[in-house]
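Engineer:
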Amino acid sequence: MVYRKINVVGDYVSLSKAAAEFIVEAIQKKIGCVLGLPTGKTPMGMYRHLTELIKADNIDISTVTTFNLDEYIGLGPEDEGSFHAFMEKHLFSQSNFLKSNIHLLNGLAPDLKAECARYEEEIREAGGIDLQVVGIGVNGHIGFNEPGSDFNSGARVVKLTEATRRINSKEFKESAQVPLTAVTMGLRNIMDARQILLIAGGNEKSLALAKALQGPVTEEVPASILQTHDNLIVMLDKSAATLLKIR
Ligand code: F6R
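Those letters in the sequence shown? Residues 1 to 247, per our numbering, in order.
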């Protein structure tokens, strides 16, 4: 039953706090915890609270490993619009994660197929992902797995939809600068995580969430595959939950 796994937590600030606390619990539950992490507007508050909690409660993150979901092709850590730069700004520069434990797909890799294989191998070597945090796109994407993505997909190069490029253009000076392609963990990689936390806030996500969580499981709505994960936690603010049937 999907209903009982949906936590509606008021506003964006409560959502961010609840998600940050959930991550801290996961870190404290397991030495050597492996986290899968998203970028975007949604997790900004979560990262802010997470760094505050880590500092305030002196949380030991020396054994925590992180893997990011995705990266634009052609952008490196020095590019402001890259997810690497986002993570540096919102999390890594604010906390003392060990550099050697931080993993991101390299959007500048000369051989992107080899880069994706390397990434999957690193996830395997780390023992798999314990907690994968995901946001959701208005078109139901998770990571950069756009509608039509194979449920069995691994890490790979993808073409971004125009809608996604338009939405993500806020992070760039000009919309033409938004890359056309990206590298992303696949839906299978996400589903392989032992636990998944889906976070979403705002009205604009409500339709995608209703389809993903209470509609048919279909590759047209990539996030709908999450319904079949046996350890999925959903945290939403009130406006994101408006179209969901919740008892
Ligand atoms: C980003 C990612 C994307 C975002 C999604 C929602 O790493 O994987 O799937 O989670 O596009 O983005 P925001 O939070 O900006 O609405």
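Even for Gly, the Cβ is constructed at its ideal location relative to N, Cα and C. Treat the numbers as computed from the prediction; the structure is a model and nothing was measured.
If I'm right that E314 touches S149 with Cβ under 8 angstroms, what's the distance once you round it to whole angstroms?
Structural biologist: Outside the shown range of the chain (1 to 247) lies residue 314, about which nothing can therefore be said.
Engineer: Count the other CB atoms within 10 Å of the CB of Q132; is the residue buried (16 or more) or exposed (fewer)?
Structural biologist: So Q132 ends up on the buried side.
Engineer: Quick test of your reading: I136 and L15, contact by CB under 8 angstroms. State the CB separation rounded to the nearest angstrom.
Structural biologist: Not quite, the Cβ-Cβ distance comes to about 13 angstroms (not below 8 angstroms), so this is no contact.
Engineer: Return the bridge partner residues of D257 from the DSSP annotation.
Structural biologist: Nothing can be reported for residue 257: it is not among the residues displayed for the chain, which extend from 1 to 247.
Engineer: Hey, how far is the Cα of I59 from the Cα of I233?
Structural biologist: Straight-line Cα distance between these residues: approximately 23 angstroms.
Engineer: T51 by DSSP, collapsed to three states: which one?
Structural biologist: T51: helix per DSSP, three-state reduction.
Engineer: Distance, Cα to Cα, G45 vs E171?
Structural biologist: Rounded to the nearest angstrom, the two C-alpha atoms are 16 angstroms apart.
Engineer: For the beta strand (DSSP E) containing N68, name the first residue and the last one.
Structural biologist: Segment 65-68, the beta strand (DSSP E) holding N68.
Engineer: Is the beta carbon of S206 less than 8 angstroms from the beta carbon of T164?
Structural biologist: Their beta carbons are not under 8 angstroms apart, which means S206 does not touch T164 by this criterion.
Engineer: Among the residues of its own chain, which have a CB less than 7 angstroms from the CB of N96, if the five just before and after it don't count?
Structural biologist: Hits under 7 angstroms: I61.
Engineer: Which residue's Cα is closest to the Cα of H229: H49, A193, L244?
Structural biologist: Residue A193 is the option with its Cα nearest to H229.
Engineer: Looking at E146: is its Cβ nearer than 8 angstroms to the Cβ of L160?
Structural biologist: Their beta carbons are under 8 angstroms apart, which means E146 touches L160 by this criterion.
Engineer: Leaving out the 5 sequence neighbours to the left and right, which residues in its chain are closer than 6 angstroms to L91 when beta-carbon positions are compared?
Structural biologist: Cβ neighbours of L91 beyond the five flanking positions: Y47.
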